[in-house]
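S.K.: According to the numbering used here, the sequence shown is numbered sequentially starting from 537.
We treat Cβ as the ideally placed atom computed from N, Cα and C, and that holds for glycine.
First, the structure itself, so that you have it in front of you.
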Amino acid sequence: MFQLLYPFVRALQPFLVPICFVCAWTIVLLAISSVWRAIAATSARAKQMHQIPCANCVFFTNDYRLKCPVNPKGAMTETVIDCPDYRSR
């Protein structure tokens, strides 16, 4: 059975090295691209999280049970980035 495949393998042999070379570099470039996109997404998320003003607000209690008596559901989330009740310390 393998003897039937031998001519096919012999014909394909000169092309195996370039095909493997291209496949290996494609995998490397995809891995680098994935890491780069993960870093960019993390950076964007960090910038968004640093816009949350709750820690500098007068109403912020720093208690895990009730972080903010004025806006208890949205405290320390992205929904309070433009909080109308924010008062600076």
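Quick check: what's the CA-CA separation for Tyr542 versus Leu548?
M.R.: Cα to Cα, the separation comes out at about 10 Å.
S.K.: Could you tell me the alpha carbon to alpha carbon distance between Ile617 and Gly610, rounded to whole angstroms?
M.R.: C-alpha separation (whole angstroms): 10 Å.
S.K.: What residues match up with Cys624 in a beta bridge as DSSP calls it?
M.R.: Note on residue identity: the sequence assigns Ser, not Cys, to residue 624. Beta-bridge pairing links Ser624 to Cys593.
S.K.: Val571 by DSSP, collapsed to three states: which one?
M.R.: In this structure, Val571 counts as helix in the three-state DSSP scheme.
S.K.: Per DSSP, what kind of secondary structure is Lys609 in: helix, strand or coil?
M.R.: In this structure, Lys609 counts as coil in the three-state DSSP scheme.
S.K.: Below 8 Å between beta carbons: does that hold for Met612 and Cys593?
M.R.: Result no, Cβ atoms of Met612 and Cys593 do not sit closer than 8 Å.
S.K.: Is DSSP giving Lys583 helix, strand or coil here?
M.R.: Lys583: helix per DSSP, three-state reduction.
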